[in-house]
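Enquirer: Structure below; questions to follow.
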Amino acid sequence: MPTRFILDCDTGSDDAIAIFAAAAHPELEAIAITTVNGNVALEHVTDNTLRALDHVGAEVPVYRGAARPFARPDLPIPRDVLNEGSDFQSARLDFPDAVSTAETERSAAAFLVDAYMDDANADVTLVATGPLTNVALALAAEPRLAERIPRLVIMGGAHANGNVTAAAEFNFWVDPEAAEAVLAAGIRDVVIVTLDATHSAPLSLADCDEFDEIGTPAAAGAAKLIRHRIRHDQAAVEGEGEAASPVHDPLCLAYLVRPEAITEQVKAFVSVETTGGRTLGELVVDTRPWCPEPPNATVALRASAAVYRDFLRTAFLAGR
Ligand code: BDR
Ligand code: CA
Numbered sequence: 226m227p228t229r230f231i232l233d234c235d236t237g238s239d240d241a242i243a244i245f246a247a248a249a250h251p252e253l254e255a256i257a258i259t260t261v262n263g264n265v266a267l268e269h270v271t272d273n274t275l276r277a278l279d280h281v282g283a284e285v286p287v288y289r290g291a292a293r294p295f296a297r298p299d300l301p302i303p304r305d306v307l308n309e310g311s312d313f314q315s316a317r318l319d320f321p322d323a324v325s326t327a328e329t330e331r332s333a334a335a336f337l338v339d340a341y342m343d344d345a346n347a348d349v350t351l352v353a354t355g356p357l358t359n360v361a362l363a364l365a366a367e368p369r370l371a372e373r374i375p376r377l378v379i380m381g382g383a384h385a386n387g388n389v390t391a392a393a394e395f396n397f398w399v400d401p402e403a404a405e406a407v408l409a410a411g412i413r414d415v416v417i418v419t420l421d422a423t424h425s426a427p428l429s430l431a432d433c434d435e436f437d438e439i440g441t442p443a444a445a446g447a448a449k450l451i452r453h454r455i456r457h458d459q460a461a462v463e464g465e466g467e468a469a470s471p472v473h474d475p476l477c478l479a480y481l482v483r484p485e486a487i488t489e490q491v492k493a494f495v496s497v498e499t500t501g502g503r504t505l506g507e508l509v510v511d512t513r514p515w516c517p518e519p520p521n522a523t524v525a526l527r528a529s530a531a532v533y534r535d536f537l538r539t540a541f542l543a544g545r
C-alpha cells in the first residue's frame, strides 16, 4: 500500500520537485495539495503547483490556501525587498501554462479540517513544505485536528544557522506565529526536517545529468530546477569537485518511504521565536536534559545524500 499524504506547499522550485517525486514514486499517493503564500505570492504558488502537476500528467485536487500569514499582514520583510537583486525565485516556474484548475468550493484550511475529521483519512500524513499558515488556520478552526492528524512532517527551521537570517529558516520566518501555534498544538507525531538535514544532502550537477538521462518529465523537470538552484542559490556549494545545492522539500517525502534518509535526529521540546528582533522565526530546540517540557517533535539534523538520491531515482525511473 502506498503511503497516503496531503502536501501543503508554497511552490517554489524545491516544492515542485517534491510534487514531481510525489506523482512518480510508486510508494507515495498524494490525495490532495494545499497551497500557501511563501516563496511567491499565493496566486503564483497555486499556478506553479498546477503547472508542476500538469508537467507530469498527475491529477491531484489542489486547494488554495492563505494569501498572508496567520497573524501578520505580510512577511516580516516584504518579498520584493527580501528578493531584490536575486534571480533565485521567479514568480512563475518555467513550465507550460496550467490546463488543470484549483478547487473552488473550499479553502485549504476548510479542506484540511474536513479531510482529518473523516475517519477514512486516519492514515494520511500531512507534509508541510511551506509556511505553516494553512495548518495553523485549520487547527484554530477545529482544535480536535491536533488529535486527528496522525503525523506531521515539516520542512522548516534550523538548529544551527538559518537562511533568511542567522537565526531563522524561511518557512518559519515567513509565519512564526503559525509555526509556534502548530508546534504547540499537541500533534502526536511531528517530524521537523531542518536546514541542518537538507544542507547535509545537497544534489549536484552530476545528479542533474543522471536525471536528464532518465528523461521522464519528472526527472527532466527536476534536473532543470536543480540546475537553476545550483546557479542562483546562495547556499550552493562546491562539493567533491562539483557544484551542488540543497533541495529541501523533497527530503520530507524521501523520509516517508525511506526513513533511513534521516541519519541523525533528536526528540526535543521545540518552539518558535515570535518576538525577537534578530531571532524572529528561530526554531528553539531544547536539548537540555533538564528541560521541563516533554518532547513535542523529532528534529532531523542530518540526512544521507545516497538514500535521498536513490529515492529520487526510484521515483523518476518509475515513470511520468
Ligand atoms: C524552505 O524555504 C523555501 O524557500 C523552500 O521551498 C523550502 O521549503 C527552505 O528554507
Ligand atoms: Ca517550500
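Every letter in the sequence shown is one number past the one before it in our numbering, and letter 124, counting from 1, is 349. The beta-carbon is built from N, C-alpha and C at its ideal position, and this holds for glycine as well. Keep in mind that this is a model prediction, so the values were computed, not measured.
Please list, in chain order, all residues of the same chain as R331 whose beta carbon is under 8 Å from its beta carbon, the five residues on each side excluded.
Expert: Position 106 of the sequence shown, counted from the first residue, corresponds to residue 331. Once the five neighbours on either side are set aside, the close Cβ partners of R331 are Y288, D339.
Enquirer: Check R297 in the structure and name its three-state DSSP category.
Expert: For this step, residue 297 is matched to residue 72 along the sequence shown. In this structure, R297 counts as coil in the three-state DSSP scheme.
Enquirer: For the alpha helix (DSSP H) that E268 lies in, which residues bound it at each end?
Expert: Position 43 of the sequence shown holds residue 268. First-last of the alpha helix (DSSP H) with E268: 267-280.
Enquirer: Count the other C-beta atoms from every protein chain shown that fall within 10 angstroms of the C-beta of G440, then say buried if there are 16 or more, exposed otherwise.
Expert: Residue numbering aside, residue 440 sits at position 215 when the sequence shown is read from its first letter. By the neighbour-count rule (16 or more Cβ atoms within 10 Å), G440 is not buried but exposed.
Enquirer: Please state whether the Cβ-Cβ distance between E507 and A410 is less than 8 Å.
Expert: Position 282 of the sequence shown holds residue 507. Position 185 of the sequence shown holds residue 410. Their beta carbons are not under 8 Å apart, which means E507 does not touch A410 by this criterion.
Enquirer: Given 7 Å as the limit, tell me if T274 has its C-beta closer than that to any heavy atom belonging to ligand 2.
Expert: Within the sequence shown, residue 274 is the residue found at index 49, counting from 1. Checking every heavy atom of ligand 2 against the Cβ of T274, none is found closer than 7 Å.
Enquirer: Name the residue from G263, S425, T259, P401 whose alpha carbon lies nearest to the alpha carbon of G501.
Expert: The sequence position of residue 501 within the sequence shown is 276, counting from 1. Residue P401 is the option with its Cα nearest to G501.
Enquirer: May I ask whether a heavy atom of ligand 1 can be found less than 7 Å away from the beta carbon of E394?
Expert: Locating residue 394 in the sequence shown gives position 169, where the first residue counts as 1. Yes; taking the cut-off as 7 Å, the Cβ of E394 has a heavy atom of ligand 1 nearer than that.
Enquirer: In chain order, what residues of the same chain have a beta carbon less than 7 Å from the beta carbon of E467, not counting five sequence neighbours either side?
Expert: As a working mapping, residue 467 is identified with position 242 in the sequence shown. S429, L430, A431, listed in sequence order.
Enquirer: Identify whether S238 lies in helix, strand or coil by the three-state DSSP scheme.
Expert: Walking along the sequence shown from the start, residue 238 turns up at place 13. The answer is helix: DSSP assigns S238 an H, G or I state.
Enquirer: For the region 456-526, which segments carrying the alpha helix (DSSP H) assignment without a break, of at least 4 residues, lie completely within its bounds, in sequence order?
Expert: At a cut-off of 4 residues, the continuous stretches assigned as alpha helix (DSSP H) that sit fully inside the region 456-526 are 475-482.
Enquirer: With 16 as the cutoff for other CB atoms within 10 Å, does C477 come out buried or exposed?
Expert: Position 252 of the sequence shown holds residue 477. Under the 10 Å beta carbon count, C477 is surrounded by 16 or more other beta carbons and is classified as buried.
Enquirer: What did DSSP end up calling M380 once you bin it into helix, strand or coil?
Expert: In the sequence shown, the residue the question calls residue 380 occupies position 155. Reduced to three states, the DSSP call for M380 is strand.
Enquirer: Checking the sheet assignment: what are the DSSP bridge partners for R229?
Expert: Residue numbering aside, residue 229 sits at position 4 when the sequence shown is read from its first letter. Note: R229 sits in a beta bridge opposite E254.
Enquirer: Check T354 in the structure and name its three-state DSSP category.
Expert: On the sequence shown, position 129 is the one that residue 354 refers to. Note: T354 maps to coil in three-state DSSP.
Enquirer: Would you list the one or two residues that DSSP bridges to A248?
Expert: On the sequence shown, residue 248 is found 23 positions in, with the first residue counted as 1. In the DSSP output, where bridge partners are listed per residue, A248 has none listed.
Enquirer: What does DSSP give as the partner residue(s) for Y341 in the beta ladder?
Expert: The sequence position of residue 341 within the sequence shown is 116, counting from 1. Y341 pairs with nothing; no bridge assigned.
Enquirer: Excluding five sequence neighbours on each side, which residues of the same chain lie with their C-beta closer than 6 Å to the C-beta of L377?
Expert: By 1-based counting over the sequence shown, the position of residue 377 is 152. Result list for L377: L351, I412, V415, in chain order.
Enquirer: Could you give the first and the last residue of the continuous beta strand (DSSP E) run that contains I580?
Expert: For residue 580 there is no data in the structure shown, the boundaries of the chain being 226 and 545.
Enquirer: Specify the secondary structure class of V324 as computed by DSSP and reduced to three states.
Expert: As a position in the sequence shown, residue 324 is number 99, starting the count at 1. Reduced to three states, the DSSP call for V324 is coil.
Enquirer: For my contact list, T274 and C234 are in at a C-beta cut-off of 8 Å; report their separation, rounded to the angstrom.
Expert: As a first step, residue 274 must be located in the sequence shown, where it is residue number 49. As a first step, residue 234 must be located in the sequence shown, where it is residue number 9. The Cβ separation is near 7 Å, so the contact holds.
Enquirer: According to DSSP, is V532 helix, strand or coil?
Expert: Here the question's residue 532 lines up with position 307 in the sequence shown. Here V532 sits in helix by DSSP.
Enquirer: Report buried or exposed for A448, applying the criterion of at least 16 other Cβ atoms within 10 angstroms of its Cβ.
Expert: Residue numbering aside, residue 448 sits at position 223 when the sequence shown is read from its first letter. Answer is buried; the Cβ neighbour count reaches 16.
Enquirer: Let me know if S470 comes out buried or exposed under the rule of 16 or more other beta-carbons within 10 Å of its beta-carbon.
Expert: Here residue 470 is taken as the residue at index 245 of the sequence shown, counted from 1. With 16 or more other Cβ atoms within 10 Å, it is buried.
Enquirer: Taking DSSP as the reference, what is the three-state secondary structure of V389?
Expert: Locating residue 389 in the sequence shown gives position 164, counting from the first residue. Three-state result, V389: coil.
Enquirer: In the structure shown, what three-state DSSP assignment does T539 receive?
Expert: Position 314 of the sequence shown holds residue 539. Helix.
Enquirer: Exposed or buried, what is M380 when buried is set at 16 or more other beta-carbons lying within 10 Å of its beta-carbon?
Expert: Stepping through the sequence shown from its first residue, residue 380 is reached at position 155. M380 should be labelled buried.
Enquirer: Relative to the alpha-carbon of Q490, which residue among Y480, V360, F245 has its alpha-carbon at the smallest distance?
Expert: The sequence position of residue 490 within the sequence shown is 265, counting from 1. Nearest option by C-alpha distance: Y480.
Enquirer: Quick check on the DSSP output: the alpha helix (DSSP H) that includes L430 runs from which residue to which?
Expert: On the sequence shown, residue 430 is found 205 positions in, with the first residue counted as 1. Element bounds for L430: 430-439.
Enquirer: Does ligand 1 have even one heavy atom less than 7 Å from the beta-carbon of L420?
Expert: Residue numbering aside, residue 420 sits at position 195 when the sequence shown is read from its first letter. Because some heavy atom of ligand 1 lies under 7 Å away, the Cβ of L420 counts as near it: yes.
Enquirer: Are the beta-carbon atoms belonging to N396 and P356 less than 8 Å from one another?
Expert: Against the sequence shown, residue 396 aligns to sequence position 171. Against the sequence shown, residue 356 aligns to sequence position 131. In this structure, N396 sits near P356, with a CB-CB distance shorter than 8 Å.
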